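Below is one structure; the comments refer to it alone.
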Amino acid sequence: MVENSFTTSLMVDAPPAQVFEVINDVRRWWTGDIEGQADRVGAQFTYRYRKLHRTTQRIAELVPGKRVVWEIVESSLTFVENQQEWDGTRIVFELVPKGRGTELRFTHEGLVPALECFEDCKGAWTHYVSESLPGAVARAAEAVKGPRPSRKVRAS
């Protein structure tokens, strides 16, 4: 692991298998255009957000319910001078069962404070990992449970 890389962790109210499934279905929790797949080792997907951000990720590791690793094989971040700052970096998701939930440990190896994009990218990752991903997991859990029965309310 690259020292000082951006990392964050949080608790997700779902079992590791469900969190793992949502991580690998990137369209559920990222905005922007996504081409390709993230469902098997060696697969690649490209993410585009407006004309600001384009990256191609290769799936390096998939350990069901435990770990996901993406390697950035190509990047173009047009909002910084070195548009290839992410090339060769790795995005790591580690899932640890905790009670009935999952501790999600996220690290973008190589995203360090010395990079021009660090603050902007840190903010984006914080949003995706702390808000968008848990929201997608919650929606997936609701879909599995099915619709809640309606309650009749009597007017008095």
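To convert, note that position 67 of the sequence shown is 74 in the numbering used here; the numbers rise steadily by one, no gaps. We put the beta carbon where it would ideally sit given N, CA and C, even for glycine. Source: prediction; values computed, not measured.
- By the beta-carbon neighbour count (other beta carbons within 10 angstroms, threshold 16), Q44 is exposed.
- Minimum Cα-Cα distance from I30 among the listed residues R74, K58, E81 corresponds to R74.
- Under the DSSP assignment, E28 falls outside any beta strand (DSSP E), being part of the alpha helix (DSSP H) whose first and last residues are 23-30.
- Boundaries of the alpha helix (DSSP H) around E126: 125-134.
- E88 sits in coil when the DSSP states are folded into three classes, being neither helix nor strand.
- With fewer than 16 other Cβ atoms from the protein chains shown falling within 10 Å of its own Cβ, T85 counts as exposed.
- Here DSSP, grouped into helix, strand and coil, assigns G108 to strand.
- Apart from the 5 residues on each side of it in sequence, W37 sits with its Cβ closer than 8 Å to the Cβ of Y54, Y135, S139 in its chain, given in chain order.
- Going by C-alpha positions, R112 is about 6 Å away from T15.
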